[in-house]
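Okay, structure first, notes after.
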Amino acid sequence: MKENILVTGAANGIGAAIAELAITRGHRVLLTDVDEQAVRTRARSLGDRATGHVLDIRDPAAWDKAFDVAEAEFGGVDVLVNNAGIIHTGHAKDLSPQQHRDIVEVNLLGAITGTCTAIERMTAQGYGHIVTVCSMTAFLPLPGYATYSGTKHGLRAFHHSVAIEERDGPLDFTIIHPPTTRTGMLDQEMADPACAIAFAEKSYAPERIAVTVIDAVATKPVEVVFPPLGGRFQRIGGVFPRLMRWVIPLAEAQGLRRRAQLVAARSK
Ligand SMILES: NC(=O)c1ccc[n+]([C@@H]2O[C@H](COP(=O)([O-])OP(=O)(O)OC[C@H]3O[C@@H](n4cnc5c(N)ncnc54)[C@H](O)[C@@H]3O)[C@@H](O)[C@H]2O)c1
Numbered sequence: 119m120k121e122n123i124l125v126t127g128a129a130n131g132i133g134a135a136i137a138e139l140a141i142t143r144g145h146r147v148l149l150t151d152v153d154e155q156a157v158r159t160r161a162r163s164l165g166d167r168a169t170g171h172v173l174d175i176r177d178p179a180a181w182d183k184a185f186d187v188a189e190a191e192f193g194g195v196d197v198l199v200n201n202a203g204i205i206h207t208g209h210a211k212d213l214s215p216q217q218h219r220d221i222v223e224v225n226l227l228g229a230i231t232g233t234c235t236a237i238e239r240m241t242a243q244g245y246g247h248i249v250t251v252c253s254m255t256a257f258l259p260l261p262g263y264a265t266y267s268g269t270k271h272g273l274r275a276f277h278h279s280v281a282i283e284e285r286d287g288p289l290d291f292t293i294i295h296p297p298t299t300r301t302g303m304l305d306q307e308m309a310d311p312a313c314a315i316a317f318a319e320k321s322y323a324p325e326r327i328a329v330t331v332i333d334a335v336a337t338k339p340v341e342v343v344f345p346p347l348g349g350r351f352q353r354i355g356g357v358f359p360r361l362m363r364w365v366i367p368l369a370e371a372q373g374l375r376r377r378a379q380l381v382a383a384r385s386k
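If you want our numbering, it's the 1-based position in the sequence shown plus 118.
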């Protein structure tokens, strides 16, 4: 089925890859981003089934406007992909209060506002699918990711709570947890050894994550961890704090070694 999809944070990274694949598969996409110029340029590059529109997900009025634009352009939103997110790198004690606040306002409150707007609009139209792009840090609290991981734990709890609240309504809910993905966010992490644990395991191309997201638009799974097997182990590991205190520093040491190799390879 061809859907009308609203993607947040679609100017770059995973969101841009989701938008591009959705267009390739015949869907119509409203690409939105806080960076208006970048999102309009990205949308223009994808042809006439793509439209670009500014949306700062922290702003409730901007969410209403984005749904109005989608209604005017496409007749409504069938699928919301809550993708936009940010990180400020560093250990918690080194981030400013404003940086902690920024991460919470975008990753958690922004996605909450979007989900609530979508529930109202989609319930009124009688159908809809809310897809949340979360993170494997929703299961594993990681050094260098304290507040980021906190927002992703919170986002997962919010998403599933709402899905249960809305169980008798017409909407579907999916949450997807990408692992380390090669985007601008990972470049930010590369620049700061505090985030070395991101390099402990294999990273994925944003196009690979996009396949999982766009497949989920059709199949509507409740939750997807990534990679399928390793992700299940990580999810279980997050339940045992003593195990985490032992294993995560080992993974961080591995990440520091791999990061050093990557930095050396880049400087050649
Ligand atoms: N890259 C990774 O390793 C990774 C891993 C797991 C989960 N994720 C999650 O995937 C999502 C996309 O991340 P990415 O790696 O593509 O990041 P990215 O930095 O490459 O792109 C994020 C996009 O979001 C936009 N954005 C930032 N603040 C916004 C706001 N207030 N309103 C609207 N748009 C805003 C940015 O302008 C940018 O275009 C995020 O939720 C991130 O937490 C990323």
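From the three backbone atoms N, C-alpha and C, an ideal C-beta is built for every residue, glycine too.
query	result
Would you call His271 buried or exposed, if buried means 16 or more other Cβ atoms sit within 10 Å of its Cβ?	buried
State the CB to CB distance for the pair Phe358 and Pro297, rounded to an integer number of angstroms; the pair is presumed to be in contact (CB under 8 Å).	Not confirmed; about 20 Å, so no contact.
In three-state terms, what does DSSP make of Ile354?	helix
Under the rule that 16 or more other beta-carbon atoms within 10 Å means buried, what is Tyr263, buried or exposed?	buried
Please list the terminal residues of the continuous alpha helix (DSSP H) segment that includes Phe185.	Pro178 to Phe192
The beta strand (DSSP E) with Phe291 in it runs from where to where?	Leu289 to His295
Which runs of the beta strand (DSSP E) fall wholly inside the stretch 136-167 and span at least 3 residues, in chain order?	146-151
Which one of Ala371, Glu284, Ala134 and Thr159 has the shortest CA to CA distance from Pro311?	Ala371
What do you reckon, is the C-beta of Gly228 under 7 Å from a heavy atom of ligand 1?	yes
Assuming Pro324 and Gly203 are in contact, meaning their beta carbons sit under 8 Å apart, how far apart are those beta carbons, in whole angstroms?	Their Cβ separation, rounded to whole angstroms, is 13 Å, which puts Pro324 and Gly203 out of contact at 8 Å.
Whose C-beta lies closer than 8 Å to the C-beta of Thr233 among residues of the same chain, with five residues either side of it excluded?	Leu198, Asn200, Ile248, Thr250, Phe276, His277 and Val280
According to DSSP, is His209 part of a helix, a strand, or is it coil?	coil
State buried or exposed for Trp181, treating a residue as buried only when at least 16 other CB atoms are found within 10 Å of its CB.	buried
How big is the Cα-Cα spacing for Lys211 and Asp177?	28 Å
Just to confirm before moving on: does the CB-CB distance between Thr292 and Ala336 stay below 8 Å?	no
Consider the C-beta atom of Ala425 and the heavy atoms of ligand 1; say whether any pair is separated by less than 7 Å.	Nothing can be reported for residue 425, as the shown portion of the chain is limited to 119 through 386.
Run the proximity test for Leu173: is its beta-carbon closer than 7 Å to any non-hydrogen atom belonging to ligand 1?	yes
At the level of alpha carbons, what is the spacing between Ala140 and Ala188?	16 Å
Check each candidate in Val125, Ile294 and Lys386 and name the one with the smallest Cα separation from Arg350.	Ile294
Can you give me the C-alpha to C-alpha distance between Val342 and Leu124, rounded to a whole angstrom?	20 Å
Could you tell me which whole beta strand (DSSP E) segments of length 3 or greater appear in the stretch 313-349?	341-343
For Leu227, collect the residues of the same chain with a Cβ closer than 8 Å to its Cβ; drop the 5 residues on either side in sequence, then sort them by chain order.	Arg176
Secondary structure at Leu260, three-state DSSP: helix, strand or coil?	coil
Using the three-state DSSP reduction, which class does Ile204 fall into: helix, strand or coil?	coil
Under the assumption that Gly170 contacts Val157 (Cβ atoms under 8 Å), give the Cβ distance between them as a whole number of angstroms.	4 Å
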